[in-house]
Each structure stands twice: as structure tokens, then as C-alpha cells.
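Asks:
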């Protein structure tokens, strides 16, 4: 099971890098096409790791991060970077998810 998850995580990195390559090179079609499987695989990793609190929280934060990243990218491509503010809540949510996990872990041990 862990080997299967690790393979998915590694594939996720490849998809994310291709998406970001498309973004930085202004290859809009490539970047937008790669955003779909990148987001889908991030969501799948959340589902697969839902039984492990640590993995779920970290994968949830990554899903938020990629969601924000895709919103930001779309704004740069089509809205003269005018929707970046819509990405911020996803970044904040990712931070909240991790803060909840780490604070919960810290207080649980004390």
C-alpha cells in the first residue's frame, strides 16, 4: 500500500512540475491541461490517506496549495493577474489545516 501511495506522490510531482513548466513558459494549454490531473491526483491522495491523520492533513494542505496555484496561474493567463486575491483563501486554508494538525499534536503530547 505504501509503495503504491509513494508512486502516486511521485507522479503527482511530475504532473505539478509539467503544469508549472507550462505556466512559466506561457504554454497555456499545457499548463491548464496538466492542472486537471494534478488537482485530481492531489484529491485522490487525500482520499487514499484519509485513515492517517498526518498524511491526510499534509495532503489536504497540498491540495489547497495546488488549488491556489491553479487560480493564480489562471488569473495570470486570462485576467491580467486580477484574481490573485481569490487564491489567498486556499493558501490560508492550507496553513490552517497544518496549524490544526501541529497544534493538536503538540497539545496531545503535553
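Residue numbers (this note's numbering): 372 to 481.
No residue lacks a Cβ here, since even glycine has one placed at the ideal position from N, Cα and C.
Predicted model, so just to flag it, every value in this text is computed and none were measured.
1) Suppose you measure from the CA of residue 385 to the CA of residue 447; what does that come to, to the nearest Å?
2) Compute the Euclidean distance between the alpha carbons of residue 379 and residue 416, then round it to the nearest angstrom.
3) On the criterion of 16 or more Cβ atoms from any shown chain inside 10 Å, does residue 418 qualify as buried, or is it exposed?
4) Tell me whether the region 391–405 and the region 456–472 touch, counting them as touching only if at least three CB pairs, one residue from each stretch, are closer than 8 Å.
5) Check whether the Cβ atoms of residue 464 and residue 435 lie closer than 9 Å to each other.
6) Between residue 470 and residue 381, what straight-line distance do the alpha-carbon atoms span, to the nearest angstrom?
7) Does the separation of the CB atoms of residue 428 and residue 468 fall below 9 Å?
Replies: Checking against the coordinates, here is how it stands:
1) Between residue 385 and residue 447, the alpha-carbon positions lie close to 22 Å from each other.
2) Answer to the nearest angstrom: the Cα atoms are 8 Å apart.
3) Under this definition residue 418 is an exposed residue.
4) Segment contact: the region 391–405 against the region 456–472, fewer than three CB-CB distances shorter than 8 Å; contact not assigned.
5) Yes, they are a contact pair.
6) Each residue's alpha carbon lies about 25 Å from the other.
7) In contact: residue 428 and residue 468 (Cβ atoms closer than 9 Å).
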